[in-house]
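Just so you know, we're using the numbering used here here: the sequence shown kicks off at 297 and counts up by one.
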Amino acid sequence: MAEANSSAKWYVAHTYSGYENKVKLDLEKTVENRGLGDRIFEVSVPVVSSVELKNGVERKVDRKIYPGYVLVHMVMDDETWYVVRNTRGVTGFVGPGSKPVPLSDEEVERLGSREQEVVVNFAEGDTVVVTQGAWKDTVGVVKTINAGKRSLTIAVEMFGRETPVELSFAEVRKL
């Protein structure tokens, strides 16, 4: 298998727009059912994650980098070509005529995982003011930061006691 894997290349299959994930699932199911796991290694729909702020609510959104295309890491032979080409939703391979052209190593590198970076402009101990929501205009001190959730916990004084409040990065501004 290591020998076959070294001859595997990335190919680009053209799909109907909006069917990329369906093609990916169908192709993975076919590979499993036909026992082609030793020649078709991975099916990928490249996406980039972003965070949208809409009406004061943050939500993570995955957008397809190449709508209408699915990447397939495989050893090209007649059977694997047939399986990919005849998967419902696939209109063909990228390349002249019926001859698929593999991606170069440089192209594959450029497609590498593009994780969204979370830039944190707060530090523990910073004083912040809440800009929206139920705690609007409240001043507090940052106690903890959770970059993964894009939130922080601040301590606010309520009825003479320090109370922790969890807020998203979008809801506060540094003083």
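The beta carbon of each residue, even a glycine, is placed where N, CA and C say it ideally should be. Here the structure is a predicted model, which means the values were calculated and not measured.
Distance, Cα to Cα, residue i vs residue j?
{"i": "asparagine 442", "j": "glycine 388", "result": "44 Å"}
{"i": "valine 437", "j": "phenylalanine 455", "result": "16 Å"}
{"i": "valine 452", "j": "leucine 471", "result": "15 Å"}
{"i": "lysine 439", "j": "valine 424", "result": "11 Å"}
{"i": "lysine 432", "j": "arginine 457", "result": "19 Å"}
{"i": "phenylalanine 418", "j": "glutamate 467", "result": "12 Å"}
{"i": "tyrosine 312", "j": "tryptophan 377", "result": "18 Å"}
{"i": "glutamine 428", "j": "arginine 469", "result": "10 Å"}
{"i": "methionine 370", "j": "valine 308", "result": "11 Å"}
{"i": "glycine 314", "j": "tyrosine 362", "result": "11 Å"}
{"i": "histidine 310", "j": "glycine 421", "result": "52 Å"}
{"i": "arginine 359", "j": "leucine 407", "result": "14 Å"}
What are the start and end residues of the alpha helix (DSSP H) that includes residue i?
{"i": "valine 319", "result": "316-330"}
For residue i, which of helix, strand or coil comes out of DSSP?
{"i": "phenylalanine 455", "result": "coil"}
{"i": "alanine 466", "result": "helix"}
{"i": "leucine 448", "result": "strand"}
{"i": "threonine 434", "result": "coil"}
What are the boundary residues of the beta strand (DSSP E) that includes residue i?
{"i": "serine 340", "result": "336-340"}
{"i": "lysine 305", "result": "305-311"}
Using a 10 Å radius around the Cβ and a threshold of 16 neighbouring Cβ atoms, would you call residue i buried or exposed?
{"i": "glycine 393", "result": "exposed"}
{"i": "glycine 391", "result": "exposed"}
{"i": "serine 409", "result": "Any reading at serine 409 must be qualified, since the residue scores a pLDDT of 45, below 50, and its modelled position is unreliable; the value itself is stated next. Result: exposed."}
{"i": "valine 357", "result": "exposed"}
{"i": "proline 460", "result": "exposed"}
{"i": "valine 397", "result": "exposed"}
{"i": "alanine 355", "result": "The question names alanine, but residue 355 is arginine in the sequence shown. Exposed, because fewer than 16 other Cβ atoms sit within 10 Å of the Cβ of arginine 355."}
{"i": "alanine 304", "result": "buried"}
{"i": "glutamate 338", "result": "exposed"}
{"i": "valine 426", "result": "buried"}
{"i": "glycine 333", "result": "exposed"}
{"i": "arginine 330", "result": "exposed"}
Query raised in the report: In chain order, which continuous runs of the alpha helix (DSSP H) of length 4 or greater are located wholly inside the stretch 343-431?
Result: List check, alpha helix (DSSP H) in window: 374-381, 401-406.
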